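Read through the structure below, which is laid out as structure tokens, and then see the notes.
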Amino acid sequence: MIPLDHQQQSARNWFESLRDRICAEFEKIEREAGSDAAFAYTPWDREAAGMEPGEGGGGVRGVMTGQVFEKVGVNVSTVGGEFAPEFAKSIHGAGEDPNFFATGISLVAHMANPHVPAVHMNTRFLATTKRWFGGGADLNPPIPCQEDTDAFHARFRAACAPYGPDVYERYAKWADEYFYIPHRGVHRGVGGIFYDHLECGDDAEFDRNFAFTQAVGEAFLDIFPQIVRRRMGLPFTGADREEQLIWRGHYAEFNLVYDRGTLFGLKTGGNIDAILMSLPPLAKWS
4 MIPLDHQQQS ARNWFESLRD RICAEFEKIE REAGSDAAFA YTPWDREAAG
54 MEPGEGGGGV RGVMTGQVFE KVGVNVSTVG GEFAPEFAKS IHGAGEDPNF
104 FATGISLVAH MANPHVPAVH MNTRFLATTK RWFGGGADLN PPIPCQEDTD
154 AFHARFRAAC APYGPDVYER YAKWADEYFY IPHRGVHRGV GGIFYDHLEC
204 GDDAEFDRNF AFTQAVGEAF LDIFPQIVRR RMGLPFTGAD REEQLIWRGH
254 YAEFNLVYDR GTLFGLKTGG NIDAILMSLP PLAKWS
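When you line the sequence shown up against the numbering used here, it's residues 4 to 289, in that order.
Next comes the structure, spelled out in structure tokens:
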């Protein structure tokens, strides 16, 4: 693996530990539903011209298909190297020096029951000539339920509160703007938070922004399993399933056309299956 300094190693360790706890909780939910589904983990090496296997880092793709989670992917990666010249111009701090480092966790869950919302969560730490954290989480119900939407937003509002009175509002607005499908004129879901470029110019800034990123991960691990357990046993109809499949088509359109994380993975030699794990197992276009 690529050599890591203290900040890079600390971030990587956290993302991997969060992955372990999330996957354990999701498997626990499957047991509660009478399923023995478990995550299958596939390690991968970043492939880049002129690099030996593992020299540019890599990651682990984790996927589970179960009774509650029709398909959930939880990926972690730690990679480094050089951006392609044109792509480097679009990345914070890489315009003059294309060298980069990135570590993070990315999660997307597509649920079997249409009343259980799909969800996305991602947090990451990047280094170019600058260093910063970014990420967020958003709820994506095929059949929205105001109780779930309110609970999800309340939990992230609480996570943001120690970091400033306007932090939640700014990051919630950013999520609404980012998770939007322009060609359909609709939002991908019911929002959440999205943030980027929380710069770490010194250790104090790193500690503060790392703590915030950890709070985001803890908020997700707290609230989403509550929502799943609340909805996973509800009856649903064929019409509900049809609505879910059509909604998933819109979700796939966003991830393939607009999502910056998908583009980042493809442009940096990431594992294709890990990058596209966000796509639903089934979808429909009317």
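Glycine included, C-beta positions come from ideal geometry on N, C-alpha and C.
Predicted model only: the values in this text are computed from it and were never measured.
#1: Rounded C-beta distance between L201 and F136? I'm assuming under 8 Å.
#2: Buried or exposed: Y288, going by 16 or more other Cβ atoms within 10 Å of its Cβ?
#3: Check whether the Cβ atoms of G61 and I5 sit closer than 7 Å, and answer yes or no.
#4: Can you tell me where the beta strand (DSSP E) with D199 in it begins and where it stops?
#5: With a threshold of 8 Å on Cβ separation, who are the neighbours of C26 within its own chain once the five nearest residues in sequence on each side are excluded?
#6: Taking contact to mean 3 or more Cβ pairs, one atom from each stretch, closer than 8 Å, check whether the stretch 211-231 and the stretch 139-147 are in contact.
#7: Using 7 Å as the threshold, is the C-beta distance between V71 and A97 below it?
#8: Using only alpha-carbon positions, find the residue among A130, A154, Q217, M114 that is nearest to A91.
#9: Measure how close the beta-carbons of H118 and R234 come, nearest whole angstrom, since I'm counting them as under 8 Å.
#10: Measuring alpha carbon to alpha carbon, tell me which of M114, R15, A87 ends up nearest L248.
#11: From V189 to Y183, what distance separates their C-alpha atoms?
#12: So, are the CB atoms of T265 and I275 less than 7 Å apart?
#13: With a Cβ-Cβ cutoff of 7 Å, do G272 and R22 count as a contact?
#14: Round the Cβ separation of A197 and Y174 to the nearest angstrom and send it over; I've been treating them as touching at under 8 Å.
#15: Rounded to whole angstroms, what's the CA-CA distance from C203 to F209? Just pull it up for me.
#16: Do you know how far the Cα of N258 is from the Cα of F18?
#17: Determine whether the beta carbon atoms of G69 and S38 lie at a separation below 7 Å.
#18: Below 7 Å between beta carbons: does that hold for V63 and Y44?
#19: Could you compute how far the alpha carbon of G252 sits from the alpha carbon of E246?
#20: Roughly how far, in whole angstroms, is the beta-carbon of A222 from the beta-carbon of R158, given that I think they are within contact range, below 8 Å?
#21: Can you tell me whether DSSP reads L7 as helix, strand or coil?
#22: When you compare the CB positions of V122 and S281, do they come within less than 7 Å of one another, or not?
#23: How far does the beta strand (DSSP E) with N143 in it reach, from first residue to last?
#24: Let me make sure I understand the geometry here. Which of G83, E180, D8 has the alpha-carbon closest to that of E58?
#25: Which runs of the alpha helix (DSSP H) fall wholly inside the stretch 9-91 and span at least 4 residues, in chain order?
#26: For R244, report the span of its alpha helix (DSSP H) as first-last.
#27: DSSP three-state label for M280, please.
#28: For a test of the three-state rule: what should DSSP assign to I230, helix, strand or coil?
#29: Cα-Cα, which of L285, T106, Y254 is closest to N9?
#30: So, with DSSP's three-state summary, where would you put A214?
Looking at the atomic coordinates:
#1: The residue you call residue 201 lines up with position 198 of the sequence shown. The residue you call residue 136 lines up with position 133 of the sequence shown. The Cβ separation is near 4 Å, so the contact holds.
#2: Along the sequence shown, read from residue 1 onward, the residue named residue 288 stands at position 285. This sequence places Trp at residue 288; Tyr is not what is there. When all chains shown are included, W288 counts as exposed.
#3: For this step, residue 61 is matched to residue 58 along the sequence shown. For this step, residue 5 is matched to residue 2 along the sequence shown. Against a cut-off of 7 Å, the Cβ pair of I5 and G61 comes out as no contact.
#4: The sequence position of residue 199 within the sequence shown is 196, counting from 1. Counting along the chain, the beta strand (DSSP E) containing D199 begins and ends at 195-202.
#5: In the sequence shown, residue 26 corresponds to position 23, counting from 1. Correct list, in chain order: F42, G65, M67, V77.
#6: yes
#7: Reading the sequence shown from its first residue, position 68 is the one you call residue 71. Reading the sequence shown from its first residue, position 94 is the one you call residue 97. Against a cut-off of 7 Å, the Cβ pair of A97 and V71 comes out as no contact.
#8: Residue 91 sits at position 88 when you count from the first residue of the sequence shown. When only C-alpha atoms are compared, the closest one is A130.
#9: Position 115 of the sequence shown, counted from the first residue, corresponds to residue 118. Position 231 of the sequence shown, counted from the first residue, corresponds to residue 234. Between R234 and H118 the Cβ distance is about 5 Å, and since that is below 8 Å, they are a contact.
#10: As a working mapping, residue 248 is identified with position 245 in the sequence shown. Closest option to L248, Cα to Cα, is M114.
#11: On the sequence shown, position 186 is the one that residue 189 refers to. On the sequence shown, position 180 is the one that residue 183 refers to. Computed Cα separation, rounded: 6 Å.
#12: Here residue 265 refers to the residue found at position 262 when the sequence shown is read from its first residue. Here residue 275 refers to the residue found at position 272 when the sequence shown is read from its first residue. No, they are not a contact pair.
#13: Stepping through the sequence shown from its first residue, residue 272 is reached at position 269. Stepping through the sequence shown from its first residue, residue 22 is reached at position 19. Going by C-beta atoms, G272 is not nearer than 7 Å to R22.
#14: Looking up residue 197 in the sequence shown gives position 194. Looking up residue 174 in the sequence shown gives position 171. According to the sequence displayed, residue 197 carries Phe and not Ala. Indeed, because the Cβ distance is near 6 Å, the residues count as touching under 8 Å.
#15: Counted from its first residue, the sequence shown places residue 203 at position 200. Counted from its first residue, the sequence shown places residue 209 at position 206. Taking the straight line from one Cα to the other gives about 5 Å.
#16: Along the sequence shown, read from residue 1 onward, the residue named residue 18 stands at position 15. Along the sequence shown, read from residue 1 onward, the residue named residue 258 stands at position 255. Approximately 22 Å, taken between the alpha carbons.
#17: By 1-based counting over the sequence shown, the position of residue 69 is 66. By 1-based counting over the sequence shown, the position of residue 38 is 35. It is a contact, given that the beta carbons lie within the stated cut-off.
#18: Here the question's residue 63 lines up with position 60 in the sequence shown. Here the question's residue 44 lines up with position 41 in the sequence shown. Cβ distance < 7 Å, so V63 and Y44 count as in contact.
#19: Counting from 1 along the sequence shown, the entry for residue 252 is found at position 249. Counting from 1 along the sequence shown, the entry for residue 246 is found at position 243. Distance between the alpha carbons of G252 and E246: 10 Å.
#20: As a first step, residue 222 must be located in the sequence shown, where it is residue number 219. As a first step, residue 158 must be located in the sequence shown, where it is residue number 155. Between R158 and A222 the Cβ distance is about 5 Å, and since that is below 8 Å, they are a contact.
#21: By 1-based counting over the sequence shown, the position of residue 7 is 4. It is coil, neither helix nor strand.
#22: Residue mapping note: residue 122 aligns to position 119 of the sequence shown, counting from 1. Residue mapping note: residue 281 aligns to position 278 of the sequence shown, counting from 1. Not closer than 7 Å, so no.
#23: The residue you call residue 143 lines up with position 140 of the sequence shown. N143 -> beta strand (DSSP E) spans 134-143.
#24: Reading the sequence shown from its first residue, position 55 is the one you call residue 58. Closest by alpha carbon: G83.
#25: 9-35, 88-91
#26: Here residue 244 corresponds to residue number 241 of the sequence shown, with the count starting at 1. R244 -> alpha helix (DSSP H) spans 241-260.
#27: Translated into the one-based positions of the sequence shown, residue 280 becomes position 277. Three-state result, M280: helix.
#28: As a working mapping, residue 230 is identified with position 227 in the sequence shown. I230: helix per DSSP, three-state reduction.
#29: As a working note, residue 9 is residue 6 in the sequence shown. The amino acid at residue 9 is misidentified as Asn; the sequence shows His. The residue with the shortest Cα to Cα distance from H9 is T106.
#30: What you label residue 214 is simply residue 211 of the sequence shown in a count that begins at 1. In this structure, A214 counts as helix in the three-state DSSP scheme.
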